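Take the first sequence: its position 228, counted from the start at 1, is 228 in the numbering used here, and no numbers get skipped.
Where a beta carbon is used, it is the ideal one built from N, C-alpha and C, also for glycine.
It should be emphasised that the depicted structure is a prediction, and the values quoted were computed from it without experimental measurement.
Reading through the structure tokens given below for one structure.
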Amino acid sequence: MQKKAAARTPRITIRDVASDAGVSVAAVSKVLRDAYGVSEALRAKVQASMDKLNYRPLASARGLRGRTYTLGLVFPDLRNPFFADIFAGVNAALERTRYQAMQGISTSASALVEAMIDRQMDGLILVGPNENNERLNDIAKRTPLVVIGHHDIDGAKFDAVNNDDQLGARLAVRHLCQNGHSKIAMLSLSAPVSTVINQRELGYRLEMTEQGLGGAINILRAPQVLRDVQLTIRKLLESKDKPDAIFCWTDLMAFEAISVATELGLSIPDDLAVVGYDNTIFCDFSQNRLTSIDQSGEVLGLQATRLLIERIDGRMQPDHFVVTPRVVARASSARND
DNA sequence: TACCGCGACCCACAACTGGC
DNA sequence: GCCAGTTGTGGGTCGCGGTA
């Protein structure tokens, strides 16, 4: 036997509101859009009817004539609390607007992005997309697009918001040198390779060379899998050429470095100094006290949203916003902290 | 000039119509 | 019966004309 579709309660439409309030459909629409030419008396009447009928505008219908007031936000994953900082920035930027952000998870500009475009979202923010400019430009042709964490902006048709990752890595190395460390290893990501990783590795190399430590350059790469990260760190710390400091490409990796080092009986920071990246909320926890490079996730989210709304409002020229990172020193690196 | 409403319009899909 | 073309429908927005 065929299943019957569940019966739906008839939807309350703008026509029902207009009929209840004794005004035209257009008048209700104007109240909804806060458009010019609506008296306070009419607004109050329409608002009362909307409240009474529990009316909600239908985004897909709005999309027929223009905007749905919906923004798509795509993260590569949600395990890293840094992404929550970005989302907080997006929400803060949308607070006084009519837009709502809907988020999803994808490591590439994938079917999820296409689905968001199909659903007529007014614009997209992609965080750390693992895509080339050709693909990103193709998306930007179809919908306003802002990318967070993508440094290759030559010929880009989209807006970009970036932390200065090269400078961030340099600051990490400089900070460790200032605290008396010279055998500084970098724990990086093996795949997917991104422009962010490239910039941080470049910054590490440049600063090591500038500090006269070019011969000690040591970059290890591990995938974002806990077991692989632990094995890589253990191998490094048990090697003859053990470093006296590690610069990790995220805080999450840095926490693992601290755990493995503690298991091996090493003291932090006397035997091993550790610096992370992102300055997430967990850095402040007393068992961590992790020195980290702050790339202001909230600012990244805020600026990306600002640029996206500008784009939706008609700006054609691509824009690029760069956030300057800073060191937030804690006990994991500063011997006298 | 401020306020209000008519009617065209948007797009995808289903239903209808007419010709072969 | 099949296919292609036309019309209607859904829920909003928008431009412009009418009225006080």
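Report the three-state DSSP secondary structure of L266 (helix, strand or coil).
coil
The alpha helix (DSSP H) spanning Q178 covers which residue range?
165 to 178
Counting C-beta neighbours from all protein chains within 10 Å, is the total for T305 16 or more, i.e. buried, or is it exposed?
buried
Thinking just about the alpha-carbon of each residue, which of D122, E263, K242, A92 is nearest to the one in G66?
D122
Complete runs of the beta strand (DSSP E) confined to the region 168 to 241 [at least 3 residues]:
184 to 189, 219 to 222
Return the CA-CA distance between T262 and D77, expressed in angstroms with no decimal places.
28 Å
Residue from I217, I148, D154 with nearest C-alpha to V173
I217
Hey, could you find the ends of the alpha helix (DSSP H) V367 is sitting in?
Given that the chain is displayed from residue 1 to residue 337, the structure contains no residue 367 and the question cannot be resolved.
Which two residues bound the contiguous alpha helix (DSSP H) that contains F158?
That residue, F158, is in no alpha helix (DSSP H); it is neither H nor E in DSSP.
Can you tell me which residues form a DSSP beta bridge with R320?
Note that residue 320 is His in the sequence shown, not Arg. Paired residues: A160.
G214 versus M208: straight-line alpha-carbon distance, rounded
5 Å
Can you tell me where the beta strand (DSSP E) holding A101 begins and where it ends?
100 to 105
Look up S332 in the DSSP assignment and say whether it is helix, strand or coil.
coil
Taking the beta carbon of K240 as the centre, do at least 16 other beta carbons fall within 10 Å, making it buried, or is it exposed?
exposed
Just to confirm the assignment: which complete beta strand (DSSP E) runs, minimum length 3, are found wholly within the region 278 to 313?
291 to 294
Buried or exposed: V225, going by 16 or more other Cβ atoms within 10 Å of its Cβ?
exposed
What's the gap between the Cα of E256 and the Cα of V229?
7 Å
Can you list, in chain order, the stretches of the beta strand (DSSP E) that have 3 or more residues and sit fully within the region 47 to 82?
70 to 75
Residue(s) in a DSSP beta bridge with G123
L71
Proximity to P129 [Cα-Cα], best of A185, K30, V147, E114:
V147
Closest to K183 by C-alpha separation, out of R200, K141, Y204, N163, would be which residue?
Y204
Any idea if I246 is buried or exposed, counting beta-carbon neighbours within 10 angstroms, 16 or more meaning buried?
buried
Measure from the alpha carbon of G314 to the alpha carbon of each residue in L290, I281, F158, then state which is nearest.
F158
Going by C-alpha distance, which of A59, L237, S296 is nearest T70?
A59
Paired residues, beta bridge with A140 - DSSP:
Partner(s): none; A140 has no beta bridge.
What number of angstroms, rounded off, separates the C-alpha of S332 from the C-alpha of L145?
38 Å
Buried or exposed by the 16-neighbour rule on C-beta atoms within 10 Å, applied to L176:
buried
Does the beta-carbon distance from V275 to N163 come in below 8 Å?
no
Between the CA atoms of P325 and N133 - distance to the nearest angstrom
25 Å
Cα separation between L171 and K45?
59 Å
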